[in-house]
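Working notes, beginning with the structure itself.
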Amino acid sequence: MTTTIAFIGLGNMGGPMAVNLHKAGFKVTAVDLSADARARVAAEGVSVAATTSDALVGAQVVISMLPASRHVEGLYLGDGAANAGLLASLPAGTRIIDCSTIAPASARKVAAAAQARGLSMIDAPVSGGTAGAAAGTLTFMVGGEADSVAAAQPLLQAMGKNIFHAGDSGAGQVAKVCNNMLLAIHMIGSAEALTLGVNNGLDPAVLSEIMKQSSGGNWSLEKYNPMPGVMAGVPASRDYSGGFGTDLMLKDLGLAEEAALASASAIPLGGLARNLYAAHSASGAGALDFSSIIRLLQKKPA
Ligand code: NAD
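Numbering of the sequence shown is given in our numbering, commencing with residue 15 and proceeding in unit increments.
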């Protein structure tokens, strides 16, 4: 029998992920607070519901793809009598897969509350960007019990290519935080090197090719060049619209700092990256893709 899925959160990532589940033959009912987001997936043939409770009717699996910890805790745990949260009403046996990037402690808290109600929950944050979400080639970093992770495999495979079981509940989020801290660092480093080269007379496309084939090569240069005009189809080529928002990267760097404090880990470059993204966001760039950090580095004294 086809698995029935309620998909909650149809933004830059969740929208294409819901579409891929639908294309793979799962029975998906999708919902988002934004009517535009609902209309985008409806145009791809996915059933949409106007409210979360409508989307949940008959759902065996709930998948969420929301911005941050507070949205995920609000959805599942509620925030008072007026909003009791989904865990209070989901039938026992419902399986929950949260793909949002949130604090490991939040993921563990919601999973423990779910388990207490006879529900299973895994954290399954992703990497691969909006292009990976659209192509169904995301990497999933999963935390939770082995049988829940195994049961989720067919769904994750419809949305992604690499699926890693990182460990117990929250472990997927820890892996994601480490990965995104490194992403921020090599994006800033790549933007800094490209800007230095251009300011010294180099063509950024030529410099990018040289560094990609040399010891400076990294994912930001290979897949997500931050300099406009070098690479087609990336946010830099469309004024930094779409993609992975600066404020979402800033959130992830805050999660890295929390994890570092909790474990007495030194993250000097992660801390510096967070400060640079905070300054960039404060300059009004919060909604632009995170590769727009190059604009901060391109500024020169008047
Ligand atoms: P987004 O802001 O584009 O989308 C989030 C969506 O959630 C919005 O459409 C919003 O309306 C909806 N939403 C919020 N609260 C809701 C609720 N209670 N019910 C229903 N809908 C609700 O964000 P995104 O870029 O899709 O990212 C989602 C998550 O994935 C974030 O945690 C982000 O850090 C992570 N992520 C993003 C990327 C990327 O490249 N964009 C890559 C990897 C991971």
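No residue lacks a Cβ here, since even glycine has one placed at the ideal position from N, Cα and C.
Cβ distance (whole Å) where residue i is taken to contact residue j below 8 angstroms
i	j	result
H85	V60	The pair is not a contact, with the Cβ atoms about 21 angstroms apart (cut-off 8 angstroms).
A69	A20	4 angstroms
P249	K190	Not a contact, Cβ separation roughly 20 angstroms.
V76	L104	7 angstroms
S305	A299	Not quite, the Cβ-Cβ distance comes to about 11 angstroms (not below 8 angstroms), so this is no contact.
G72	T16	That pair is no contact at about 11 angstroms.
Residue i: CB within 6 angstroms of a non-hydrogen atom of ligand 1
i	result
P81	yes
V140	yes
H85	yes
S183	no
N176	no
R22	For the sequence presented, residue 22 should be read as Ile rather than Arg. Correct: I22 has its Cβ closer than 6 angstroms to ligand 1.
T151	no
A46	The residue asked about is misnamed: residue 46 is Asp in this sequence, not Ala. Yes - ligand 1 has a heavy atom lying nearer than 6 angstroms to the Cβ of D46.
T115	yes
Pair within 7 angstroms by beta-carbon distance, residue i and residue j
i	j	result
G257	T144	yes
S120	S162	no
M155	M79	no
D137	N194	no
G146	G181	no
I111	A128	no
Same chain, Cβ closer than 6 angstroms to residue i, neighbours up to 5 away in sequence not counted
i	result
P118	G184, Q187, V188
A274	I281
L311	A205, E206, T209
I177	F154, L170
Y254	L302, D303, S306
Own chain residues within Cβ distance below 8 angstroms of residue i, not counting five before or after
i	result
G88	N97, G99
W233	L197, H200
Residue i versus residue j: straight-line alpha-carbon distance, rounded
i	j	result
T153	L170	9 angstroms
F40	T108	16 angstroms
G243	A219	8 angstroms
A106	G150	30 angstroms
P168	Q74	14 angstroms
Closer than 6 angstroms: residue i CB and nearest ligand 2 heavy atom
i	result
G300	Absence of ligand 2 from the depicted structure is noted, with ligand 1 being the only ligands included.
7 angstroms Cβ shell around residue i - same chain, five flanking residues per side excluded
i	result
V29	The sequence shown places Gly at residue 29, rather than the Val named in the question. Within the same chain, G29 has close Cβ partners A51, R54, V55.
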